[in-house]
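Please read the structure below before turning to the comments.
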Amino acid sequence: MGGKGSLTLFHVRGLPVRVHYTFLIILPYLAWIIGRSAPLLAQLAGVEVADLVLPRYVLGTVLALGLFACVLVHEFAHIGVGIKGGGQFSGVTLMLVGGVSEVVELPKRPVWELAMAIAGPLASVLLAVIGFAAFGLFAMPPDLRFGVFYLAYVNFALALFNLVPAFPMDGGRILRSVLSMLTNRVRATRIAAVTGQIFAGLFLLAGIYTLNWVLLLIGALVIVGARAELEMAKVGALFDGLTVAQAMQPFVPTVDENDRVSAVLERMARELKTTFFITRDGQVVGAITAVEARRLDERGDGTLRVGEAAKREVPLLSPDGELGKASRILRTSGLSALPVMRDGALVGQLTLAAMAAAVRERDAHKLVALRDRKAT
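Shown next as structure tokens:
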């Protein structure tokens, strides 16, 4: 299984490719659109509709799947360049809006973020060029000729659309990375976000005027994406300069994988903890929350052991890791705490409260240092 509402299909170099349930909504819609537009597309491709072997809606389904394959190429172009620039990713999810690269950490240098943002549209343009070249140079069966023309055309359109300077499109990231070379990241993100929201308003107005739900969806997506990017930039600035070691708590609530769920639930109530890490021979192998423990206890007969029931994977943090990155991992984990490991040993845990305390302590030290400088 993948994340919430998604299923892992396969892995590419260790990164999961997931499909979200909303993909099941857009796939038949795209197939229907392509099938309905077959006469016009066939005319543009120089193909007679009567010569097509596959029924138009079957062909539409095949081409819709082909389009999402091209979207994966687009997303992995981002990821490949991003990793070279020091970025980190947790996977790719196909969903209603297309493909989404799940970013754990963006490249630090604006020039690498710029290269990463440009890589996706360049990959789409390259696919379009290859498609148009093949279309013009080689003789093909009607169905293949139709499909190659369609995918080449759509890849070119996808590249142009993604250059709109609005998050979460690539154009928004390109604008932000250029601005980051001139000012700080938070301000650059704020300017790019405002620019994106202007475009969102245009999309919404166009959607209302034409009664086009796709434009309305894009407008809403841009608004949400701009807010999310700005929030991420603010969080990064908030924890700037802090490491996990400066915020982690030395006490770590753990349970052995052979402990009964009922006993763990009693411990949670007694110690007022909502998350316990599950260990096997001293190594963290999972986690169990109070909600999960209560649900499992209600279903079981009192003998169920946590190692048999709790399958949640737990991200492991390093004490030397950046606190900003760790905060994003914690936020997306669905847990209230994450374990901190050094050389295979459990040395602490990281919680939101501990991170807030570390920020307050750092700011207090800065204030004292500022007062001391003024006093001298």
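Position in the sequence shown counted from 1, then plus 2, gives you our numbering.
Just so it is clear, CB atoms sit at the ideal spot from N, CA and C, and this is done for glycine as well.
Everything numeric in this text was worked out from a predicted model, so none of it was measured.
Just list the beta strand (DSSP E) runs in the segment 312–359, keeping only unbroken ones of 3 residues or longer that don't cross its boundaries, in chain order. 339–344 and 347–353
Determine the contact status of phenylalanine 158 and valine 150, defining contact as a CB-CB distance below 8 Å. no
Helix, strand or coil at leucine 17 [DSSP, three-state]: In this structure, leucine 17 counts as strand in the three-state DSSP scheme.
Residue environment, valine 266, which counts as buried when at least 16 other CB atoms sit within 10 Å: buried
Going by beta-carbon coordinates alone, are proline 170 and glycine 227 separated by less than 8 Å? yes
Just the C-alpha distance for phenylalanine 148 and tyrosine 23, rounded to the nearest angstrom, thanks. 29 Å
Bridge partners of methionine 97, per DSSP? Gly100
Counting along the chain, where does the beta strand (DSSP E) carrying arginine 282 start and finish? 277–282
With three or more C-beta pairs closer than 8 Å as the rule, is the segment 241–254 touching the segment 213–227? no
My output table needs one value for leucine 213: the three-state DSSP class, helix, strand or coil. coil
Can you have a look at threonine 212 and say buried or exposed, based on whether 16 or more other CB atoms are within 10 angstroms of its CB? Exposed: under 16 other Cβ atoms inside 10 Å.
Between Ala194, Asp345, Lys327 and Glu259, which lies nearest to glycine 243 when the distance is taken from Cα to Cα? Lys327
Simplified DSSP assignment, three categories, for arginine 229: helix
Is the CB of isoleucine 81 under 8 Å away from at least one CB in chain C? Included in the structure is just one protein chain, with no chain C present.
For glycine 174, the first and last residue of its enclosing alpha helix (DSSP H): 172–182
Should glutamine 45 go down as buried or exposed, given a rule of 16 or more other Cβ atoms within 10 Å for buried? Glutamine 45 comes out exposed.
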